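To start, the structure under review is shown below, and the notes come after it.
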Amino acid sequence: MIHSDELLAVAKRIFCFGTPEEALGDPAPGILDQSSWVKWNERYNCIPVPPFPRRQIPGVDPTTVPDFFPSKS
Numbered sequence: 002m003i004h005s006d007e008l009l010a011v012a013k014r015i016f017c018f019g020t021p022e023e024a025l026g027d028p029a030p031g032i033l034d035q036s037s038w039v040k041w042n043e044r045y046n047c048i049p050v051p052p053f054p055r056r057q058i059p060g061v062d063p064t065t066v067p068d069f070f071p072s073k074s
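Quick note on the working numbering: the sequence shown kicks off at 2 and runs consecutively.
Structure below.
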């Protein structure tokens with residue numbers, strides 16, 4: 002996970018993922034944990050923070066899958 006401005010700058014030079022705002026707009030599930038999701042959305046003024054992305058497993062009803070990592074707030 003990227004935790005500092007310096008690491009973010011390095012990642013932007015290595016990977017062509019556009020702006021952080023674009024990456025947050027179409028996130029791949031599993032890349033960020035919930036606390037990082039909230040932190041980066043707040044940092045880039047995506048308020049209110051959108052729902053945490055969830056993996057879509059073919060053939061599995063997402064309403065039947067428990068939330069193994071509920072928010073701490």
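No residue lacks a Cβ here, since even glycine has one placed at the ideal position from N, Cα and C. None of these values were measured; they are calculated from a predicted model.
| What is the DSSP secondary structure of Pro-21, reduced to helix, strand or coil? | helix
| query | Does the segment 21 to 39 come close enough to the segment 52 to 63 to have 3 or more Cβ pairs within less than 8 Å? | reply | Verdict: yes, contact present.
| query | Is the Cβ-Cβ distance between Tyr-45 and Glu-23 less than 7 Å? | reply | no
| Between Asn-42 and the rest of its own chain, which residues show a CB-CB distance below 8 Å, the 5 nearest in sequence each way excluded? | Leu-25, Ile-48, Val-50 and Pro-51
| query | CA-CA distance, Ile-32 and Thr-64? | reply | Cα-Cα distance, rounded: 21 Å.
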